[in-house]
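Residues in the sequence shown are numbered consecutively from 83, following the numbering used here.
Every residue, glycine too, gets a C-beta built ideally from N, C-alpha and C.
Comments concern the structure below.
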Amino acid sequence: MSTDRSAVIWTRLHNIPRKMGQLYVTDKECRFTYDADYLNLDQPGLGLVYDPAYFGLNTISRKRSEKFNLLPPVQSLIPPLQEDNFQRNLALKYLNSIGKTGLSGFDADWEILKVSGRGGIGHLDLFEDDEKAEHWYNNPPVHQLHEVTDEFGFSLKEFMAWFEDDIEVLIQTVGPTPSVGGAIPKLLVSIPETGWDGRIGAPTRQSTVGVTDVILKFEQTNRYPGITELESMALDMYRNAGFDVPRHWICHFKGMPALAIERFDRDASRAPVFTETLYSIFASGLPNMVSHYDYTYDNIAKAINVSPVRIVNDATEGKEHLFRCVIMSLITGNGDLHLENLSILIDSDNVRRFTPIYDPTPMRAYSQHDMISVMPFGDYGDIVDGYDKPIGLTEAVHRFSAHCGIRKKQFNAIVSELLDKTADYESMINQLQTVPDANKERLIKRIADARKHLGVMLDGEKPQR
Ligand SMILES: Nc1ncnc2c1ncn2[C@@H]1O[C@H](COP(=O)(O)OP(=O)(O)OP(=O)(O)O)[C@@H](O)[C@H]1O
Ligand SMILES: [Mg+2]
């Protein structure tokens, strides 16, 4: 029996659906070849590493591995593997209802991709064949906004653009009021351009006047009480500190809090914008990478400088942005700034740069995520040559800043600005209504400690070892 599989990748960049190329997966390899017509367009391709200008008509091939059965930008279209993942379970229930039962491993991923690998985050759409692609692009549903009612099932029906053909089957299998459990459930919807007013529609699939696309993140109150309020506050804090931050609104569904965040992977005419996470970029170039935190911030800075693949157009600006993000993550008690929480976009002038901020939630509020940083930097905690003690926090920040090309004067300016702009953080945390006191106290302790360390560095004292 042949285990070979094939699919096609399309994109709606500039609002014109185009076939990008053909994907093949054998038992050992994943292969992709750009279409000649696509190459003539001079548009971005699958990802930064798999650059059409570099590969041309040459087939890109990569050995399948435990972590990556597919090229990383394509793998990104599959919902995460955790068994309790909401999107994954929804897709599997749908597949069950059309007779595709007992799926596991890569068989499941592949079937999930074929029914939901389009219209999601980013600019890539996967289909079983060109006919299915053309049908999907040529038949966008008429866009309508609906009042969110208490009937969550009704709303869900409007949400599920993936399954529009078989939506009734989906509703019957999922039930009218699905319990929203598992890893943070997210849905893509559209709302009025002027902002959240209680009405939602399916995600746009063509130029649509008067609406904007958002990600709706539902709060999982049992596991992360108050996370919606925390994330919203963190986004405000980043905006106040000078970062580019999407508009966002706290809303409620049947009393369940959720955060609607405007998408930066769609432009004003609702066309997709090229976006790629650093995880996809680095895993494309480094086949041995095994997780979204299997790297260091210092190496990101180095890659921005010297990688043969241009990650950002302006390396100085890119490294400064990275430095600011890491410092903010320390100051706000995030700790979860991994490679999937940093992405690159290509804007309408063909400039590559970091996307606006997303997912900056101060996760140290929750004991299961209470760590200073999910990724190493500046050899923090390591014993390096010439040292008899592990590198401390201030020294690590100092070393990392050097890798970002930040000089002392600039360091002082950036760190004091960020400390200054976040000076009322503690009182903002105290004002949160839905975060339990114990979580607030933990977070306040962590941020006081980080501020103390960074403050010492500003006073010009020698970094503490
Ligand atoms: N405003 C946005 N516009 C476009 N893409 C976004 C936006 N916010 C997040 N994303 C993309 O969606 C992904 C998931 O979002 P986010 O990081 O906020 O949620 P998460 O809770 O980490 O989800 P997961 O548990 O699935 O990683 C991000 O890695 C990013 O690629
Ligand atoms: Mg994330």
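Check	Outcome
I need the residues with a C-beta less than 5 Å from some heavy atom of ligand 2; please give them in chain order.	N423 and D441
Would you kindly work out how many angstroms separate the C-alpha atoms of I98 and S366, rounded to a whole number?	27 Å
Start and end of the beta strand (DSSP E) containing S389?	No beta strand (DSSP E) holds S389; DSSP gives it neither H nor E.
If I follow the unbroken alpha helix (DSSP H) through T310, where does it start and stop?	I309 to N322
Looking only at its own chain, which residues have a Cβ that is under 7 Å from the Cβ of W92, when we skip the five neighbours before and after it?	P99, R100, K101, M102, D207, F209 and A215
Please identify the residue among M371, G400 and K268 whose C-alpha is closest to the C-alpha of K384.	G400
Going by C-alpha distance, which of R305, N370, L427 and D380 is nearest L404?	D380
What residue range does the alpha helix (DSSP H) around F168 cover?	F168 to S179
Using only alpha-carbon positions, find the residue among N395, A190, A118 and E499 that is nearest to N151.	A190
Run the proximity test for S425: is its beta-carbon closer than 7 Å to any non-hydrogen atom belonging to ligand 1?	yes
Can you pull the DSSP bridge partners for F493?	Paired residues: none, contrary to the question.
Pick out whichever of L159, F114, D318 and P126 has its Cα sitting closest to the Cα of L139.	F114
Measure the C-alpha to C-alpha separation of Q515 and V497 and round it to an integer number of angstroms.	29 Å
Can you give me the start and stop residues for the alpha helix (DSSP H) that M338 sits inside?	Where M338 is concerned, there is no enclosing alpha helix (DSSP H), although the beta strand (DSSP E) it sits in stretches over M338 to E344.
List the residues that DSSP assigns as beta-bridge partners of C333.	A340
Would you kindly work out how many angstroms separate the C-alpha atoms of P328 and P438, rounded to a whole number?	7 Å
Can you have a look at L540 and say buried or exposed, based on whether 16 or more other CB atoms are within 10 angstroms of its CB?	exposed
Between R345 and ligand 1, is there a pair consisting of the residue's CB and a ligand heavy atom that are separated by less than 7 Å?	yes
Does the beta carbon of P354 fall short of 7 Å from some heavy atom of ligand 1?	no
Have a look at the DSSP bridge pairing and note the partners of P154.	None, per the DSSP bridge assignment.
Please look up how many angstroms separate the CB atoms of S362 and S158, rounded, as I've assumed it's under 8 Å.	5 Å
Reducing DSSP to helix, strand and coil, say where H228 ends up.	strand
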